[in-house]
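In the numbering used here, the protein residues as written are 1 to 138.
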């Protein structure tokens, strides 16, 4: 499984089928999304990908909470690999990333840098500044 931390270094033409999230615990819902990504990527000849963040966004946005997470980053990577994910993009979560609008996230990250072919997310998926982006914005 390939791990990319700098989206500027992505190879063009990957035709990614991806999901996005923090995946703490990689519960049954997460496992279903990962399976959907792998299945769809195989069907269209694309690359199965996960876009995740390190550190966890809440560790940056609300450090006073001192949250304990169910899985370490390395454990998540292992679970992604076991699920058949070919590529993980890990963005460093920062206060600057937290300020990106949903439109800019879709345009600049998903389309321009990653070139997403298909996206698989849960029904309650939110993204962008203040979690303002919804499935309808994708």
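Backbone N, C-alpha and C fix where the C-beta goes; we use that ideal spot for every residue, glycine too.
DSSP places residue 87 in the strand class (E or B) of the three-state scheme. Assigned with DSSP and collapsed to three states, residue 47 falls in strand. In the structure shown, residue 123 adopts coil according to DSSP, grouped into three states. In the three-state reduction of the DSSP assignment, residue 136 falls in the helix class. For the set 58, 75, 129, the Cα lying nearest the Cα of residue 67 is the one of 58. Considering only 56, 73, 71, 72, the residue with the shortest C-alpha distance to residue 65 is 56. About 14 Å separates the CB atoms of residue 16 and residue 84; that is not less than 8 Å, and the two are not in contact. In the three-state reduction of the DSSP assignment, residue 116 falls in the coil class. In the DSSP assignment, residue 20 falls outside any alpha helix (DSSP H) and within the unbroken beta strand (DSSP E) covering 16 to 20.
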